[in-house]
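The block underneath contains the structure these notes are about, expressed in structure tokens.
Residue numbers (the working numbering), protein chains in the order written: chain U, -15 to 148; chain V, 357 to 971.
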């Protein structure tokens, strides 16, 4: 596809732009499709830069405030860049009862990263998420696509060291 | 691709019966739910296929990946049929032995069978295991039996028979009447009678109507909807089709959690199969009725489980509730009459139509009919999904099916109904599961999350945990919920940090009453429940935190001294061996000592000490 790039952004490559363009074209005239657009664009870029939100708003005929309102309302959307690996800790009740809080503090202390943030070397992003529905394996940690069940504060660093 | 007719359904069923009854060969049914996938069931499945191929057994033995079996903590799980032999925690290294010993030699592998936590005996047959023996699967009737990606399997288990009957033999009024007779109430939490909901929507004027399925299973500790979608997606589609016929809708939408990728994938497969075979689309089964279903992925907001918020979200807006009336049955999605049902509710519908409402209502209590799926988790031996008749007691659920509390610890409370629910103490364990009886002891049925807590759980900390969740998920539209839950959380945090003072308990109670009576939606109105129910049954723990600066369960770090009581210390050194910070000094036959400069307050020593010596 031969496209002019709407604007330069350090985290959005030319390939990403053509994917974004396709997402926008597929959804432009569908009522209520903004959440789908945001989700798919985030899959492409890794997060949602504010400049991209404004651009999406213009293309979808929505006010920037409305797009920002939606992006900041839903937990799925991140307006900040992500690390190379994303750690998702389940903070559902079953995991909580089984000691995920201790796992969380151990990770925070070991890698100097706070919940909801990314470590300075961009190695890990640490997220506390809502119940993943894998309560049988509690406490549960998901690193990128890998689900680790029965994690403990003792074992968690050994697991994470495998992710460079 | 030709469309299926009622006769085709019968032919497919007859052809598939040997497979469903395991009469023609040996079947290895390996669980392919999220839990088992995470513990490695896919590589076990591949190893099985390879082991069978190596021995040229593929003709006689077939591996089938099923949906979630329900006994998630034991994964990867495999059941051998015929014989119903249950294997647990399989690994790739076990496969050769299993094939040689069991499949070729006819002798089950003892060490891979279920071990009863009480009697320590191995149990081979699935239905002999107490976890399964006391269940009555209805919504989960196909779990572990069918391949969720096979429409033929579903049809062989009477699939789409309910739809055929509803579309060809019944009027909408008769369908609604049958559902009313069944006494089925909404399984998502509120327990509103499904038949009455459909009746309202069917009487609402308008040509365009919607049937929505609420698959935004947000309650922490509940995973039955995920399991049903992963194990039996066609049952949900069929339930929606019947609902659509009853109210006169032509479009259905499943609002699914984006956190459930496997459930979404299986739904997508099921929808395309149903479309291809004419079970969705135009003129379904030659009835002239048209209906189609699409999936809408949510983006992570607990409040979207509330019906009006869910509809706003599908419209592409912030998922915020609005006041009712008008109810969705009059003005729902895009202002059109809409019925919203939960996954488990819909999965019950096809059998109610096939077997009749009276059949469904034949088990249960006066006001709560049929069965309910519960997700057992927390401090209990058998973790997983169980479906029991309404009226079963909490004690049976936790101690017979759940196998009691691990590590010889004592039961403390059970949390029912998620963040809107409450904690039930030991003295009410004989309460039957019934919408009204559970409400009477201060909890709610909710979506069916049952989280068991042992003596090491601090109830003030639990109240704080739930309030943190609610506060975070409050959409912010109405003031009592937005501000009130934040104030509640502040007080609870203060108490857990040892800064509680006189008047805090009273302030919690007063605030709770205001939030309950003045919030806009169900989330806000029920948000004080975890606080009120813990206060009702565990007030002494709140008082110990506030007045004695002591956490009886030893969970609140700020209230712990991190000192070792020399009287209680058994000098075993377990604490020192497990300390990750090397902060505990210990020598043989000596009392251990914690170096407070090195201590990172991680609570590992509290967890490991069997003598309660760490203060």
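We put the CB at the ideal spot given by N, CA and C, even for glycine.
Beta-carbon gap between residue i and residue j smaller than 8 Å
| i | j | result |
| --- | --- | --- |
| residue 394/V | residue 83/U | no |
| residue 916/V | residue 968/V | no |
| residue 700/V | residue 879/V | no |
| residue 732/V | residue 758/V | yes |
| residue 610/V | residue 651/V | yes |
| residue 557/V | residue 582/V | no |
| residue 424/V | residue 587/V | yes |
| residue 90/U | residue 125/U | no |
| residue 702/V | residue 599/V | yes |
| residue 565/V | residue 603/V | yes |
| residue 437/V | residue 470/V | no |
| residue 801/V | residue 773/V | yes |
| residue 814/V | residue 865/V | no |
| residue 900/V | residue 906/V | yes |
| residue 739/V | residue 535/V | no |
| residue 499/V | residue 574/V | no |
| residue 714/V | residue 726/V | no |
| residue 524/V | residue 362/V | yes |
| residue 678/V | residue 53/U | no |
| residue 367/V | residue 512/V | no |
Contacts of residue i in chain U (Cβ-Cβ under 9 Å)
| i | result |
| --- | --- |
| residue 656/V | 58, 59, 60, 61, 113, 114 |
| residue 739/V | 78, 119, 120, 121, 122 |
Within chain V, partners of residue i - CB distance below 8 Å
| i | result |
| --- | --- |
| residue 41/U | Residues of chain V passing the Cβ test: none, with the nearest at roughly 12 Å. |
| residue 138/U | 934, 936, 960 |
Residue from the options whose Cα sits closest to the Cα of residue i
| i | options | result |
| --- | --- | --- |
| residue 862/V | 844/V, 597/V, 954/V, 875/V | 844/V |
| residue 576/V | 613/V, 650/V, 439/V | 613/V |
| residue 67/U | 29/U, 81/U, 74/U, 37/U | 29/U |
| residue 391/V | 143/U, 123/U, 139/U, 145/U | 123/U |
| residue 688/V | 672/V, 708/V, 667/V | 667/V |
| residue 795/V | 811/V, 372/V, 761/V, 724/V | 724/V |
| residue 658/V | 831/V, 953/V, 691/V, 947/V | 831/V |
| residue 440/V | 415/V, 414/V, 476/V, 376/V | 376/V |
| residue 934/V | 952/V, 920/V, 910/V, 964/V | 964/V |
| residue 693/V | 873/V, 607/V, 504/V | 607/V |
| residue 749/V | 735/V, 810/V, 730/V | 730/V |
Neighbouring residues, chain U, relative to residue i (Cβ below 8 Å)
| i | result |
| --- | --- |
| residue 1028/V | Since the first residue shown for chain V is 357 and the last is 971, residue 1028/V is missing from the structure and cannot be characterised. |
| residue 669/V | 19 |
| residue 771/V | 77 |
| residue 684/V | None at all; the shortest Cβ gap to chain U is about 16 Å. |
| residue 491/V | What residue 491/V touches in chain U: nothing, since even the nearest Cβ is about 16 Å away. |
Exposure of residue i, with buried meaning 16 or more beta-carbon neighbours within 10 Å
| i | result |
| --- | --- |
| residue 646/V | exposed |
| residue 461/V | exposed |
| residue 595/V | buried |
| residue 983/V | Any question about residue 983/V goes unanswered here, given that chain V covers just 357 to 971. |
| residue 358/V | exposed |
| residue -11/U | exposed |
| residue -15/U | Bear in mind that the predicted position of residue -15/U carries a pLDDT of just 47, short of 50, making it too unreliable to give a figure here. |
| residue 829/V | buried |
| residue -5/U | exposed |
| residue -3/U | exposed |
| residue 973/V | What is shown of chain V runs 357 to 971, which leaves residue 973/V out entirely. |
| residue 543/V | buried |
| residue 771/V | buried |
| residue 510/V | buried |
Opposing strand residues paired with residue i [DSSP bridges]
| i | result |
| --- | --- |
| residue 901/V | DSSP, once it has assigned bridges, lists no residue as partnering residue 901/V. |
| residue 125/U | 73/U, 132/U |
| residue 733/V | 807/V |
| residue 773/V | DSSP lists no partner for residue 773/V. |
| residue 469/V | 443/V |
| residue 647/V | 637/V |
| residue 778/V | 772/V |
| residue -7/U | -4/U |
| residue 384/V | 419/V, 436/V |
| residue 541/V | 549/V |
| residue 864/V | According to DSSP, residue 864/V bridges with nothing at all. |
Beta-carbon neighbours of residue i, restricted to chain V and to distances below 9 Å
| i | result |
| --- | --- |
| residue 93/U | 956, 958 |
| residue 86/U | 958, 959, 960, 963 |
Interface partners of residue i on chain V, CB under 7 Å
| i | result |
| --- | --- |
| residue 90/U | 958 |
Contact test: residue i Cβ vs the ligand GTP heavy atom, cutoff 7 Å
| i | result |
| --- | --- |
| residue 581/V | Judged by which ligands are present, the structure shown has none, so any question about the ligand GTP falls away. |
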